[in-house]
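Accompanying notes for the structure given below.
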Amino acid sequence: MKFEQDKIKIGDIPVAELAAKYGTPLYVYDEQKIRDNYRRAVATFKKYYPDFRMFYAVKCCNNPAIVNILRQEGAGADCASVNEILLAKSVGITGENIMFSGNFLSDEDLRQGIETGAVINLDDESLFPRLLKFGVPEVISFRVNPGYGKSNVGEYVTNAGPKAKFGIHPDKVTTAFRMAKEAGVKRFGVHMMTGSCITDADYFPFVTKLLMEIVCKTSKELGIDFEFIDLGGGLGIPYEPGEASLDLEAAAKKTAEVFKSFVEQYGMKPPRLEMEPARYFVGNAGYVIGRVHAVKESYTKIVGTDVGMNVLVRPAFYGSYHHIYVDGKENEPRETMGLCGQLCENTDYWVKERSLPASLGPGDLIVVENAGAYGFGMSYQYNGRLRAAEVLVNGSEATVIRDRETFDDMVNHTHVPDRLKK
Ligand SMILES: Cc1ncc(COP(=O)(O)O)c(C=O)c1O
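Start counting the sequence shown at 209; every next residue gets the next number (this note's numbering).
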């Protein structure tokens, strides 16, 4: 995003042009920014551990065009469901370039998962005997809960530690891999995903140490090599103005140092180091353009827009902050006011107090920043407010990568019994 005087552009296209052509609310992604984010992250980790690989967590922004960008850049895919695997395969990511990290999977999930040829990453040892019903996998990974996790929004996206539902307790990790070894599995990997949006560089070496303490003992006790060790995602981005960015260089350097020191200490065959971030690649490359419909002077001043929690749920879900810019008015005098969407829910009043241009009024365009991660994918149709369109910008070229929903999309797949039609 850039300013020309006070006019906002995404890539080289004015947001006013995008809004006029495609309507609002509108998700817009900057392709070059995604590519830059990915390249920076991979290059930094590879510098300190050359046998390094990134998997993109598809759940974060699952538009096939976006997944294709990351495939072109060389990413594998981390998938949470069989449908995400099918999506990854549809854009050409196949076999062991897909990691299937589901949670509380059904037998059908396991059967289909193994059929796709993806690497299965089990969230509990109890799933392993169930998986065997569908064959002995060539390679298996287990997700470990190393006992600690954190995030930028408290427990909401803290995915490890005693209060998280994910992963295997450290005491059971050896049992899980023993089961797999005895069943005839030949190749092993291990995984953790401890939390999202961490901007503290020291966090990554810290949790790597916790994981390595667990898995190195398992490796030694069972005499197995780990082909890969996946540290999960979690590379954070700043959301609030003035918030510090993640020092990626320090995170990569210190993480690789910890990793290598364990590999050396335990005389392990050096595993491939993997990560599966998502927010870091797409978060700051995505925006929501919205329009102001009305301004209400009630107990407080409230600006009503078409960007509600149906469009971007994170503020209502997690209390997360998203910065809002106003096209053409950023240099005007400011005033404290609230801002909301159009839903019949008060959680839709997602900005209670914010300093915004005092003249903000009907017809103005707002640009919500950092909406690329867990934005569109979490949007929904409540109140008959249909999902937004998605547009990909590459320099001066804009392409619709998902059509705006229509009424037919809302009622599609519903059925009314004949007796109710009389
Ligand atoms: C298993 C798994 N891996 C990776 C990610 C990506 O996390 P992030 O966007 O914080 O990098 C997630 C996100 O929830 C996840 O559940």
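Where a beta carbon is used, it is the ideal one built from N, C-alpha and C, also for glycine.
Since the model is a prediction, treat every value here as computed from it, not as a measurement.
| Check | Outcome |
| --- | --- |
| Short Cβ contact (8 angstroms threshold) for V500 with V490 | no |
| Helix, strand or coil at T324 according to DSSP, with G and I counted as helix | helix |
| Cβ-Cβ distance between E435 and G475 below 8 angstroms | no |
| Proximity test, M262 beta-carbon vs ligand 1 heavy atom, cut-off 7 angstroms | no |
| Those residues, in chain order, that have a beta-carbon closer than 7 angstroms to some heavy atom of ligand 1 | A265, K267, C268, D286, A288, S309, V365, N367, M401, S404, C405, G440, G441, G442, L443, E484, P485, A486, R487, Y488 and A581 |
| For R319: DSSP bridge partner residues | Paired residue(s): none; R319 is not in a bridge. |
| Cross-strand partners of L547 (DSSP beta bridge) | V511 and V559 |
| Which of helix, strand or coil DSSP assigns to F312 | coil |
| Stretch-stretch touch, CB-based, cutoff 8 angstroms, three pairs: the region 544–556 with the region 477–488 | no |
| Under 8 angstroms between C-beta atoms of V534 and V515 | no |
| Cβ pair V327, F350 closer than 8 angstroms | no |
| Neighbourhood of L339 by C-beta distance below 6 angstroms, restricted to the same chain and skipping five residues each side | L318 |
| Proximity of V347 and A391 at Cβ, strictly below 8 angstroms | no |
| Sheet register partners of F342 (DSSP bridge) | Answer is none; F342 lacks a bridge partner. |
| Beta strand (DSSP E) runs contained entirely in the region 399–482, provided each spans 3 or more residues | 434–438 |
| Whole-number beta carbon distance between L226 and A579, since they are thought to touch under 8 angstroms | At roughly 14 angstroms, the Cβ-Cβ gap does not stay under 8 angstroms, so A579 and L226 are not in contact. |
| Of the listed residues Y507, R595 and T383, nearest to V519 (C-alpha basis) | R595 |
| According to DSSP, residues forming a beta bridge with C287 | F308 |
| Extent of the continuous alpha helix (DSSP H) to which L600 belongs | Here L600 belongs to no alpha helix (DSSP H); instead the beta strand (DSSP E) covers A597 to N602. |
| Spatially closest choice to G536 from P272, N271 and P565, by CA coordinates | P565 |
| Coil, strand or helix - R627 by DSSP | helix |
| R562 beta carbon less than 8 angstroms from that of M586 | no |
| Which listed residue (V299, F412, P337 and Q320) has its alpha carbon closest to that of P354 | F412 |
| Nearest-angstrom Cα separation, counted from Y230 out to G592 | 19 angstroms |
| Validate contact between the region 442–455 and the region 401–412 using beta carbons, cut 8 angstroms, 3 pairs | yes |
| Test item: CB-CB of L295 and V266 under 8 angstroms | yes |
| Backbone CA spacing between V471 and K380 [nearest angstrom] | 21 angstroms |
| Beta-carbon proximity check, Y264 vs D238, cutoff 8 angstroms | no |
| Cβ pair G527, V576 closer than 8 angstroms | no |
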